[in-house]
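Report on the structure given below.
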Amino acid sequence: MAADKDAIDVGATLRDLRRRADLSQRELAEQAGVPKSTVARIEAGQGAQTAFRTVERLVLAAGGELAVTRPGDPSGKAVSEREAAPEDEPRDEAGRRYPAHLDVRRVLSLKDWPGAWWVHSYTLPQRLWPVRVPELTYDLDRARRDDRRLRDRTRVQVRFRRASEGLPTTSWRFLAEVPGTGPVGELRAHERSVDLLLGEDWGDQRELVLEGVLVAPGLRTLGIGRQLIGLLAREMAVAGIRTAHAVAEAGNILFLLACGFELQASRPSALTLDVGPVSAAPGPPRSGR
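Using the working numbering, the first residue of the sequence shown is number 44, and each one after it goes up by one.
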């Protein structure tokens, strides 16, 4: 009898569910109440004789659902073996699969490899590297894996829009949002009249003053702030506004320069007055000078 072309690879599917749930084989076995050797045997493609109830317990423990459909049932959707087990699944130098829940990734630069702690600012030339840099790597720490997955999802799902409802017409506000999560970045700016600023008639010219660009902690360096600046520039072009001003300090200066802003030597610097702690109420004035 020919094999069903829609038959799934149970082992590969279980590995995929386990990876999504971030569970090791031991952890999945403990949650499902089955021996770890059973999980290893199924994922190795040797689970043909495994009881259906055991497979069901493992699937449910990994956060999946198990459905049984009759052949030809249009309501059922099978997952093909090619979809469940990609041919380019990474393996180590001995040909063994990496633990599915560790999200193996290629090392494209030293910043991708957690073991490169010995490289100061990642500038040490390769001939001086004390150890060989692997082609593949992963994060053993669960918090680091969760953080990386959050950043990857945000990079794909983030959407940008202007959200000036409820604000004065001279106020500009842009949001970076993730569906189902909410805002993860915000830009605010306001218009000012060049005529009022200089006291002369310049033909009703308008400028923008950037109030700030905020990105949620943990999601910086994804390009969210730069895309907010880009959206601001496009909206300025539509409104016929050519110039936006900003005052920044420290690393924020480098960020704005990378977004196209330029330093203006003729502009006044940002100053701060610090009067120190408030003292007790002064006593009666003394006579004399």
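Idealized CB from N, CA, C, for every residue including glycine.
(1) Helix or strand or just coil, what does DSSP make of residue 145?
(2) From what residue to what residue does the beta strand (DSSP E) around residue 263 run?
(3) With residue 248 and residue 221 assumed to form a contact (beta carbons below 8 Å), what rounded beta-carbon distance in angstroms separates them?
(4) Inspect the beta-carbon positions of residue 258 and residue 265 and report whether they are closer than 9 Å.
(5) Contact defined as beta carbons within less than 8 Å: I believe residue 72 pairs with residue 81. What is the distance between those atoms, to the nearest angstrom?
(6) Taking the continuous beta strand (DSSP E) assigned at residue 355, which residues delimit it?
(7) Distance, Cα to Cα, residue 254 vs residue 185?
(8) What separation, rounded to the nearest whole angstrom, lies between the Cα atoms of residue 122 and residue 53?
(9) If we ignore side chains and look at the alpha-carbon of each, how far apart do residue 85 and residue 188 end up?
(10) Identify which residue in 136, 286 and 299 has its Cα closest to the Cα of residue 269.
(11) Would residue 178 be called buried (16 or more neighbouring beta carbons within 10 Å of its own) or exposed?
(12) Restricting to Cα atoms, I'd like to know which of 308, 75 and 134 is closest to residue 149.
(13) Nearest CA to the CA of residue 144: which residue from 256, 61 and 280?
(14) Is residue 54 helix, strand or coil when you go by DSSP?
(15) Just grab the DSSP bridge partners of residue 203 for me.
(16) Indicate the three-state DSSP secondary structure (helix, strand or coil) for residue 308 in the structure shown.
(17) Going along the chain, which unbroken runs of the alpha helix (DSSP H) with 4 or more residues stay wholly within the stretch 54-113?
(18) Measure the beta-carbon distance from residue 232 to residue 218 and round it to whole angstroms, keeping in mind my assumption that it falls under 8 Å.
(19) With C-beta atoms as the reference, is residue 229 less than 9 Å away from residue 284?
(20) Give the secondary structure of residue 281 by DSSP, where H, G and I count as helix, E and B as strand, and everything else as coil.
(21) Beta carbon of residue 68, beta carbon of residue 83: below 9 Å?
The short version:
(1) By 1-based counting over the sequence shown, the position of residue 145 is 102. Of the three classes helix, strand and coil, the one that applies to residue 145 here is helix, per DSSP.
(2) The count along the sequence shown starts at 1 and reaches residue 263 at position 220. No beta strand (DSSP E) holds residue 263; DSSP gives it neither H nor E.
(3) For the purposes of this step, residue 248 is taken as the residue at position 205 of the sequence shown. For the purposes of this step, residue 221 is taken as the residue at position 178 of the sequence shown. About 37 Å separates the two Cβ atoms, so there is no contact after all.
(4) Position 215 of the sequence shown, counted from the start, is the residue given in the question as residue 258. Position 222 of the sequence shown, counted from the start, is the residue given in the question as residue 265. Closer than 9 Å, so yes.
(5) Position 29 of the sequence shown holds residue 72. Position 38 of the sequence shown holds residue 81. Contact flag correct, Cβ pair sits at about 7 Å.
(6) In the structure displayed, the chain extends from 44 to 332; residue 355 sits before or after that span and is not available.
(7) To locate residue 254, count along the sequence shown from 1; it is residue 211. To locate residue 185, count along the sequence shown from 1; it is residue 142. In a straight line, the C-alpha of residue 254 is about 37 Å away from that of residue 185.
(8) Sequence index remark: in the sequence shown, residue 122 carries index 79 (1-based). Sequence index remark: in the sequence shown, residue 53 carries index 10 (1-based). Note on residue 122: pLDDT 42, under 50, position unreliable in the model; the coordinate value appears next. Each residue's alpha carbon lies about 10 Å from the other.
(9) Along the sequence shown, read from residue 1 onward, the residue named residue 85 stands at position 42. Along the sequence shown, read from residue 1 onward, the residue named residue 188 stands at position 145. Between residue 85 and residue 188, the C-alpha separation is close to 25 Å.
(10) Mapped onto the sequence shown, residue 269 falls at position 226. Out of 136, 286 and 299, 299 has the C-alpha closest to the C-alpha of residue 269.
(11) As a position in the sequence shown, residue 178 is number 135, starting the count at 1. Residue 178 is exposed by the Cβ-count criterion.
(12) On the sequence shown, position 106 is the one that residue 149 refers to. Nearest option by C-alpha distance: 134.
(13) If you number the sequence shown from 1, residue 144 lands on position 101. Closest by alpha carbon: 61.
(14) Counting from 1 along the sequence shown, the entry for residue 54 is found at position 11. Three-state DSSP puts residue 54 in a helix.
(15) What you label residue 203 is simply residue 160 of the sequence shown in a count that begins at 1. 219.
(16) Within the sequence shown, residue 308 is the residue found at index 265, counting from 1. Of the three classes helix, strand and coil, the one that applies to residue 308 here is coil, per DSSP.
(17) With a minimum length of 4 residues, the continuous alpha helix (DSSP H) runs that stay inside the stretch 54-113 are 68-75, 79-86 and 95-104.
(18) Taking the first residue of the sequence shown as 1, we reach residue 232 at position 189. Taking the first residue of the sequence shown as 1, we reach residue 218 at position 175. That belief does not hold up - the Cβ atoms of residue 232 and residue 218 are roughly 13 Å apart, past 8 Å.
(19) Start at 1 with the first residue of the sequence shown, and residue 229 comes out as number 186. Start at 1 with the first residue of the sequence shown, and residue 284 comes out as number 241. In this structure, residue 284 does not lie closer than 9 Å to residue 229 by Cβ.
(20) Position 238 of the sequence shown holds residue 281. Residue 281: helix per DSSP, three-state reduction.
(21) Here residue 68 corresponds to residue number 25 of the sequence shown, with the count starting at 1. Here residue 83 corresponds to residue number 40 of the sequence shown, with the count starting at 1. Yes, these two residues count as a Cβ contact at 9 Å.
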